[in-house]
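What follows is a short report on a single structure.
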Amino acid sequence: MKKKILILVAMLMGICYTFANTIIVDYYGAGQFTSIQIAINNASSNDTIKVWPGIYSEQITLNKNVIIIGSGYENTTITSNSNPTINMSSGKIFHFKINSLNGDGIWLHHGIVSNCVITGCSLCGIYAGTAGDDGLVRNCVLTKNGTAGIAVGYYTSSTITVVNCIARPNGGKDFRGEYGSTFNLSYSNGATNGHTSGNQGVIDIDPQFYSENDYHIGEGTPCWNTGNPALQDPDGSQSDMGYFGGPECPIYPTVFEIIITPNGNNINLEAKGRANY
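Residue numbers for the sequence shown, in my numbering: 177 to 453.
As structure tokens, then:
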């Protein structure tokens, strides 16, 4: 969505969602855990894991029905030298940047990946390659990955459903389907290899991001209000493609400058942030 500059005057604390059974992960030690994987190990089904800003260098196995929420791709990165960085067979993850220096970003067996930026993986951003895989990918950006943005395995009987995603540019094809598997693709932007199914609303055109590392899109650009019409952005309009679209678009402001001013015995704290709406 369009960027706006605003002033936030407050005692700036971490932005936290309020859920029952919420676990806080903070790289700097202010939460219950400093590791996402340890938080998963200690979570129960239906718990929510809120991850505060930081670079989390770890390989993750997500095998529980939990929700993992990052603090925005600008602030929260999961990276590793492993293949994959995230091995996912359950649950839901959103609002992260994800990277693998030596493999795929995510092996998606089951579950939902929503509103993430997956970039710089040496192989695929997301890969479904095991019989019975049936994951959903929604409103993600997949860019600068080595062999594909999203791919399914050859004759693995796996299924992946992709909607409202932007996958450009990636090595190989942005969306790579294969014989013997099913790639359900709709309302997305990127090049296919001819083995995806559905393809309603699929385009292959420059999404016109604000910059190389800023994945906002402007009004009137190809991915603005061109996502699945059954989904809505938080402002009630037809969903956009990409990270800043869909019902789970991050609407909290991203702080990019903090100004601290002494005022007698007090301190004035002024934060400049960028809102998505």
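For glycine and all other residues, C-beta sits at the position ideal for the given N, C-alpha and C.
C-alpha distance - residue i paired with residue j, whole-angstrom precision
i	j	result
Pro410	Gly267	23 Å
Asn442	Ile435	14 Å
Ile212	Ile294	17 Å
Leu445	Tyr386	29 Å
Ile243	Gly440	44 Å
Gly281	Thr198	25 Å
Ile176	Arg344	Because residue 176 is not part of the residues shown, which for the chain are 177 to 453, the question remains open.
Gly205	Lys226	14 Å
Gly287	Glu250	23 Å
Ser413	Glu424	13 Å
Thr372	Val328	10 Å
Ile302	Tyr428	26 Å
Ala406	Gly422	10 Å
Val313	Pro383	18 Å
Ile336	Gly311	5 Å
Asn315	Cys297	18 Å
Cβ-based neighbour list, residue i, same chain, cut-off 7 Å, excluding 5 preceding and 5 following
i	result
Gly356	Tyr330, Tyr331, Thr332, Ser333
Asn369	Lys349, Arg352, Gly353
Thr323	Leu299, Cys300, Gly347, Gly348
Gly374	Asn360, Leu361, Ser362
Buried or exposed (CB count within 10 angstroms, at least 16 for buried), residue i
i	result
Thr437	exposed
Glu388	exposed
Ile393	buried
Ile274	buried
Tyr391	buried
Asn217	exposed
Ser221	exposed
Ile231	exposed
Residue i vs residue j beta-carbon contact at 8 Å
i	j	result
Leu318	Ala304	no
Asn278	Asn263	no
Ile342	Asn365	yes
Ile245	Thr224	yes
Ile326	Cys292	no
Chain-order list of residues whose beta-carbon lies under 6 Å from that of residue i (same chain, five-residue window excluded)
i	result
Asp309	His285, Ser334
Tyr363	Val339, Asn340, Gly377, Gly403, Asn404
Ala367	Lys349, Asp350, Asp380
Asn239	Ser265, Ser266
Gln208	Ile199, Ile200
Asn257	Leu277, Asn278
Ala307	Thr332, Ser333
Thr255	Ser233, Asn275
Thr253	Ile231, Lys273
8 Å CB neighbourhood of residue i in its chain, flanking five on each side removed
i	result
Asn241	Ser221, Asn222, Ser266, Gly267
Cβ contact (3+ pairs, closer than 8 Å) linking the segment 393-407 and the segment 415-423: yes
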